[in-house]
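Sequential numbering of the sequence shown, starting at 8, is according to my numbering. C-beta: ideal position from N, C-alpha, C; glycine also.
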Amino acid sequence: KMLDSNVASDYKAIMKLFNIGDSDRNYKVLEELIETNSISGVIKDRYDLNQEFSEDDFITLIYSMGFITIKDEITGGLYNFEIPNYVIKILYFNYFAIEVQKRNSFKHQYSFSHTLTKLLLGDNEPFKNQLNDVIKTLSNRDHYGFTEKHFHVITLSLLSFAEFYFIDSQPELNNKYPDILLIGRDEKVPNNYLFELKWVKQKDDYEKLKKEGIKQVEGYLKLDKIKNIPKLRSFLLIGSKDGVEFFEV
Numbered sequence: 008k009m010l011d012s013n014v015a016s017d018y019k020a021i022m023k024l025f026n027i028g029d030s031d032r033n034y035k036v037l038e039e040l041i042e043t044n045s046i047s048g049v050i051k052d053r054y055d056l057n058q059e060f061s062e063d064d065f066i067t068l069i070y071s072m073g074f075i076t077i078k079d080e081i082t083g084g085l086y087n088f089e090i091p092n093y094v095i096k097i098l099y100f101n102y103f104a105i106e107v108q109k110r111n112s113f114k115h116q117y118s119f120s121h122t123l124t125k126l127l128l129g130d131n132e133p134f135k136n137q138l139n140d141v142i143k144t145l146s147n148r149d150h151y152g153f154t155e156k157h158f159h160v161i162t163l164s165l166l167s168f169a170e171f172y173f174i175d176s177q178p179e180l181n182n183k184y185p186d187i188l189l190i191g192r193d194e195k196v197p198n199n200y201l202f203e204l205k206w207v208k209q210k211d212d213y214e215k216l217k218k219e220g221i222k223q224v225e226g227y228l229k230l231d232k233i234k235n236i237p238k239l240r241s242f243l244l245i246g247s248k249d250g251v252e253f254f255e256v
């Protein structure tokens with residue numbers, strides 16, 4: 008399905024905005040936004056597009072365009088901002104996934120559409136291969152700084168192109184709710200998905216983590232909200248510097 012014309016226009020605007028001034032700094036703003044759904048900054052009274060943008064200039068610009076909204080005021084003039092709605096959040100994830108591909112040399116070039124159509128039809132192997140390649144590449148470049156939060160963001164970014172699913176992700180609920188749910192927008196969708204993510208550090212007990220993860224997923228499957236999702240397949244995803252393993256529960 009093609010993007011709604013208004014959404015496509017917003018996406019093009021986001022692409023242009025994030026390339027104004029210091030694109031690497033803007034990319035870090037994007038990372039913080041999608042990792043925490045929040046960023047703090049000052050709203051500037053004016054900015055000059057002919058001058059180098061500061062971070063606050065950039066935050067003011069995306070705020071004025073409606074791509075972030077005020078969450079609360081920290082102190083006089085300093086605000087917490089958040090992503091305003093689901094549509095903009097997905098566009099941020101789309102853009103982040105494309106930037107990740109552009110900024111890194113992966114073993115294979117993947118088609119988001121092909122990979123996610125296969126997942127829709129019940130074949131998770133292409134998505135697994137894509138995620139495995141991305142995680143292995145990124146975590147080995149920044150192994151000591153790579154966390155479960157990064158694993159979660161990368162996974163969500165790759166899934167964000169699945170227009171036939173509503174993506175429900177509530178990691179702030181800790182162990183009380185699955186990390187990611189893909190719920191079909193249409194009852195004809197043949198497979199819905201639950202993904203629970205775990206990141207293995209060198210000092211971790213792999214088998215213990217795996218056992219706990221499977222137990223968590225089994226617990227989710229007993230929740231009324233989850234039990235009512237038809238055609239649901241549930242997976243534990245264990246990521247490490249060596250890649251990603253999928254375990255169907």
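query	result
Delimiting residues of the beta strand (DSSP E) encompassing residue 240	239 to 247
Per-residue DSSP class, three states only, for residue 89	strand
Residue 219 beta carbon near the ligand PLP (any heavy atom closer than 7 Å)	As presented, the structure is devoid of all ligands, the ligand PLP included, so that no description of it is given.
Neighbour-count burial assignment, residue 121, 16 or more Cβ in a 10 Å radius	exposed
Buried/exposed call for residue 205, threshold 16 Cβ in 10 Å	buried
Helix, strand or coil at residue 199 according to DSSP, with G and I counted as helix	strand
Beta-carbon contacts of residue 87 that lie in its chain and below 7 Å, excluding the five residues immediately before and after	45, 47, 78, 79, 81
Which of helix, strand or coil DSSP assigns to residue 186	coil
Length at least 4, wholly inside the stretch 209 to 237: the alpha helix (DSSP H) runs in chain order	213 to 227, 231 to 234
Neighbour-count burial assignment, residue 93, 16 or more Cβ in a 10 Å radius	exposed
Cα-Cα separation, residue 64 to residue 51	6 Å
Residue 138 versus residue 83 - alpha carbon distance	43 Å
Residue environment, residue 197, which counts as buried when at least 16 other CB atoms sit within 10 Å	exposed
Beta-carbon proximity check, residue 185 vs residue 201, cutoff 8 Å	yes
Local conformation of residue 84 per DSSP, three classes	coil
Outcome for residue 308 when other beta-carbon atoms lying within 10 angstroms are tallied against a minimum of 16	The chain is shown only over 8 to 256; residue 308 falls outside these bounds and no answer can be derived.
Those residues which DSSP pairs with residue 30 across a bridge	In DSSP, residue 30 forms no bridge with anything.
Burial state of residue 76, where buried means 16 or more other Cβ atoms lie within 10 Å	exposed
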